[in-house]
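Asker: Here's a structure for you.
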Amino acid sequence: MVAVASSEPAFVPTGAILRTAIGWIDIRADEEAVTQLHWRAIEPGVLVSNPLAEEAKRQVEAYLAGRLTRFDLPLRYAGSEFARHVWDMLLRIPYGETRRYGHLSALIGGEATGNDARAIGSACGQNPIAVIIPCHRVIGAAALGGYSGDLGLTAKRFLLDLEKGQGRLF
1 MVAVASSEPA
11 FVPTGAILRT
21 AIGWIDIRAD
31 EEAVTQLHWR
41 AIEPGVLVSN
51 PLAEEAKRQV
61 EAYLAGRLTR
71 FDLPLRYAGS
81 EFARHVWDML
91 LRIPYGETRR
101 YGHLSALIGG
111 EATGNDARAI
121 GSACGQNPIA
131 VIIPCHRVIG
141 AAALGGYSGD
151 LGLTAKRFLL
161 DLEKGQGRLF
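Residue 1 is where the sequence shown starts when you use the UniProt record's numbering, and the numbers rise one by one after that.
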């Protein structure tokens with residue numbers, strides 16, 4: 001087997017890594033926008049940082065320390081038109097408050113449009129920028145519902161507990 005040298009430089013993801021009380025946060029950002037934030041159970045691989053990734057890390061650290069309730073970062077996320085609409089709605093849920101999946105479904109036409117509470121949950125599960133796009137603030141009628149990322153409901157409970165003293169959660 002012969003290896004062929006490529007003239008293209010190897011792609012190295014840019015971002016930042018943050019250790020938390022329950023696991024790792026993996027933040028990805030290019031020079032223009034934050035593109036991903038995921039919870040990880042194990043330390044992510046090495047990333048090359050950039051100023052925006054470091055600013056995102058600083059803001060997430062301040063949020064986790066209870067010093068920040070609203071992020072001020074440029075975001076870029078790809079998804080279906082419906083998913084992007086749901087994520088935009090999530091950005092309007094105030095810190096310390098929750099909404100039910102069914103409530104969000106009703107706001108966008110619910111079952112009449114084929115977008116029931118399960119569709120909202122699915123869009124939340126596809127959220128590429130967890131924490132900053134606060135899908136943890138969406139709960140089920142009888143239970144917390146789900147949460148994406150390696151840490152699942154552990155992360156959702158952690159974030160809801162963090163915000164608990166700041167407003168109306170249930």
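Glycine included, C-beta positions come from ideal geometry on N, C-alpha and C. Just so we're clear, the structure is a prediction, and the values are computed from it rather than from any experiment.
Indicate whether the contact test is met: 3 or more Cβ pairs, each with one atom in the segment 79-93 and one in the segment 56-69, closer than 8 Å.
Answerer: Counting Cβ pairs under 8 Å, fewer than three are found: no touch.
Asker: Leaving out five residues on either side along the sequence, give the residues of the same chain with a beta carbon under 6 Å from the beta carbon of Ala117.
Answerer: Position 117 of the sequence shown, counted from the start, is the residue given in the question as residue 117. The answer, listed in chain order, is Tyr101, Gly102, Ser105.
Asker: For the candidate residues Ala16, Arg92, Ala78, whose alpha-carbon lies nearest to that of Phe71?
Answerer: Counting from 1 along the sequence shown, the entry for residue 71 is found at position 71. Comparing Cα-Cα distances from Phe71 to each of Ala16, Arg92, Ala78, the minimum goes to Arg92.
Asker: Would you decide whether Arg19 is buried or exposed? Buried here means 16 or more other CB atoms lie within 10 Å of its CB.
Answerer: What you label residue 19 is simply residue 19 of the sequence shown in a count that begins at 1. So Arg19 counts as exposed.
Asker: Output yes or no for whether 8 Å exceeds the beta carbon distance between Ile22 and Ala155.
Answerer: Against the sequence shown, residue 22 aligns to sequence position 22. Against the sequence shown, residue 155 aligns to sequence position 155. It is a contact, given that the beta carbons lie within the stated cut-off.
Asker: Using C-beta distances below 7 Å, list every residue in its chain close to Leu47, excluding the 5 sequence neighbours before and after it, in chain order.
Answerer: Residue 47 sits at position 47 when you count from the first residue of the sequence shown. Pro13, Thr14, Gly15, Ala16, Ile17, listed in sequence order.
Asker: Would Ile129 and Tyr95 qualify as a contact pair, given that the criterion is a beta-carbon distance under 8 Å?
Answerer: Counting from one through the sequence shown, the residue named residue 129 turns up at place 129. Counting from one through the sequence shown, the residue named residue 95 turns up at place 95. Not in contact: Ile129 and Tyr95 (Cβ atoms no closer than 8 Å).
Asker: Look at the Cβ atom of Val34, then the Cβ atom of Ala65, and state whether they are nearer than 8 Å.
Answerer: Here residue 34 refers to the residue found at position 34 when the sequence shown is read from its first residue. Here residue 65 refers to the residue found at position 65 when the sequence shown is read from its first residue. No, the Cβ-Cβ distance between Val34 and Ala65 is not below 8 Å.
Asker: Going by DSSP in three states, Thr35 sits in which element: helix, strand or coil?
Answerer: On the sequence shown, residue 35 is found 35 positions in, with the first residue counted as 1. Of the three classes helix, strand and coil, the one that applies to Thr35 here is strand, per DSSP.
Asker: Is the beta carbon of Asn50 sitting closer than 8 Å to the one on Glu32?
Answerer: Working through the sequence shown from its first residue, we reach residue 50 at position 50. Working through the sequence shown from its first residue, we reach residue 32 at position 32. Not a contact, by the Cβ cut-off of 8 Å.
Asker: Which residues bound the alpha helix (DSSP H) around Asp88?
Answerer: Against the sequence shown, residue 88 aligns to sequence position 88. Looking at the DSSP string, the run of the alpha helix (DSSP H) that includes Asp88 is 81-90.
Asker: Measure how close the beta-carbons of Leu52 and Ile132 come, nearest whole angstrom, since I'm counting them as under 8 Å.
Answerer: Position 52 of the sequence shown, counting from 1, holds the residue named residue 52. Position 132 of the sequence shown, counting from 1, holds the residue named residue 132. Not quite, the Cβ-Cβ distance comes to about 12 Å (not below 8 Å), so this is no contact.
Asker: Would you mind sorting Val4 into buried or exposed? The rule is 16 or more other CB atoms within 10 Å of its CB.
Answerer: Taking the sequence shown and counting its residues from 1, the one referred to as residue 4 is at position 4. The predicted position of Val4 is uncertain, since its pLDDT is 45 and thus under 50; no value can be drawn from it.
Asker: Kindly indicate which three-state DSSP category Ala16 falls into: helix, strand or coil?
Answerer: Position 16 of the sequence shown, counting from 1, holds the residue named residue 16. Here Ala16 sits in strand by DSSP.
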